[in-house]
Amino acid sequence: MDHKEEQEQELEVLKSIYPDEFEEISEGEFRIRLEPEEQDSITPLTLALHIKYTPTYPEEVPEISIETIDGSIDTDEHEKLYSGLMNVAQDSLGMAMVFTLSSLLKDLLTSFVVEREEKRKKEEEDKIKKQIEAEQAKFQGTKVTIASFLEWKENFEKELEEKEKATKSLAIIKKEEAKKSKPTGRQLFEQDESLAKSDMTYMEEGDVTQGLINLFFIRLIYE
């Protein structure tokens, strides 16, 4: 079997494996769109493996490039991806290798997303820790940890959700009563205004986490 036949056979296999991700650009040149196993919850990341066969492929490495479709990768990440692909390509000489390369790129992409999520989580925890420590200094004797704050935050959010449900129910009841008693426009305004107030008024605009921390310490002191 000559090189041309090997290339044509590999193309048919790739098209069957990647029916939606495969895009033929020209004869012997194509790209395969790849996403991680689990997408980044904040910034989705999608890449494409761009391949161009050389005349003697697979006896030599094809032209390989990485394209960014969604999201972004920095220089270090791109270098890590490209060097990984080239190393595997060199080890796969003499064999159809594009599926192996695309699988590797998908795995590396998945690891990048996991690392980004972990880094983001750590940064958020560090931010909360610093904010707690700053508030802690104002209230000596009140021992607080990230764990205790996060537990309180979860309970507080549940409390808000319950209050919201109760408020909606109360609004319905008041609406029915209003139909019977026909209150004045001023009374209706005062009812709506009172329903709109909640613990969230303690929070500072622009930083919900800091607002929650402030409210947390206020409750520790006065409850």
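Numbering follows full-length UniProt numbering, with no gaps: position 215 of the sequence shown is 215.
No residue lacks a Cβ here, since even glycine has one placed at the ideal position from N, Cα and C.
(message) Given this structure, state the Cα-to-Cα distance separating Glu193 from Phe156, to the nearest angstrom.
(response) For Glu193, the predicted structure reports a pLDDT of 48, less than 50, and the residue's modelled location is therefore unreliable. The matter cannot be settled from this model.
(request) Taking only runs that begin and end inside the UniProt domain "RWD" (9-112), name each unbroken alpha helix (DSSP H) of 4 or more residues, in chain order. (result) Within the UniProt domain "RWD" (9-112), the complete alpha helix (DSSP H) runs of at least 4 residues are 75-91.
(message) I need the straight-line Cα distance from Glu27 to Pro55, nearest angstrom please.
(response) Going by the C-alpha atoms only, they are around 12 Å apart.
(message) Please report the straight-line C-alpha distance between Ser41 and Lys119, rounded to a whole angstrom.
(response) Whole-angstrom Cα-Cα distance: 13 Å.
(message) Distance check for Lys153 and Lys175, CA to CA, integer angstroms please.
(response) If you take the alpha carbons of Lys175 and Lys153, they lie about 32 Å apart.
(request) Inspect the CB distances between the segment 21-36 and the segment 74-88 and report whether three or more fall short of 8 Å. (result) Contact between the segment 21-36 and the segment 74-88 is absent: fewer than 3 CB-CB pairs across the two stretches fall below 8 Å.
(message) Can you tell me whether Asp126 is helix, strand or coil according to DSSP?
(response) Three-state DSSP puts Asp126 in a helix.
(request) Classify residue 224 as buried or exposed, calling it buried when 16 or more other Cβ atoms lie within 10 Å of its own Cβ. (result) As displayed, the chain neither begins before 1 nor continues past 223, which places residue 224 out of reach and without an answer.
(message) I need the straight-line Cα distance from Leu150 to Ser169, nearest angstrom please.
(response) A direct Cα-Cα distance of roughly 29 Å separates Leu150 from Ser169.
(message) Taking the straight line between their C-alpha atoms, what separation do you get for Glu10 and Glu38?
(response) One C-alpha to the other measures close to 28 Å.
(message) Rounding to the nearest angstrom, what Cα-Cα distance links Leu195 and Thr167 in this structure?
(response) The predicted position of Leu195 is uncertain, since its pLDDT is 45 and thus under 50; a value taken from the coordinates is nonetheless stated next. Going by the C-alpha atoms only, they are around 7 Å apart.
(request) Rank Gly71, Leu104 and Ser72 by C-alpha distance to the C-alpha of Asn87 and give the top, closest one. (result) For Asn87, the nearest C-alpha among the options comes from Leu104.
(message) According to DSSP, is Met1 part of a helix, a strand, or is it coil?
(response) Three-state result, Met1: coil.
(message) Only counting the same chain, and skipping five residues up and downstream in sequence, which positions put a Cβ closer than 8 Å to that of Gly71?
(response) Cβ within range, chain order: Asp40, Thr43, Pro44, Leu45 and Thr46.
(message) Once the 5 residues before and after Glu63 are set aside, which same chain residues still bring their CB inside 6 Å of it?
(response) Within the same chain, Lys52 come within 6 Å of Glu63 by CB-CB distance, once the 5 residues on both sides are set aside.
(request) Look at the alpha carbon of Asp20 and the alpha carbon of Glu29, and state the distance between them as a whole number of angstroms. (result) Those two C-alpha atoms are separated by around 16 Å.
(request) Identify which residue in Ile146, Glu60 and Ile132 has its Cα closest to the Cα of Leu93. (result) That would be Glu60, whose Cα lies nearest to the Cα of Leu93.
(message) Restricting to Cα atoms, I'd like to know which of Phe22, Ile146 and Phe99 is closest to Lys127.
(response) Nearest C-alpha to Lys127: Ile146.
(request) Verify whether the separation of the beta carbon atoms of Tyr82 and Ile66 is less than 8 Å. (result) The answer is yes: Cβ separation under 8 Å.
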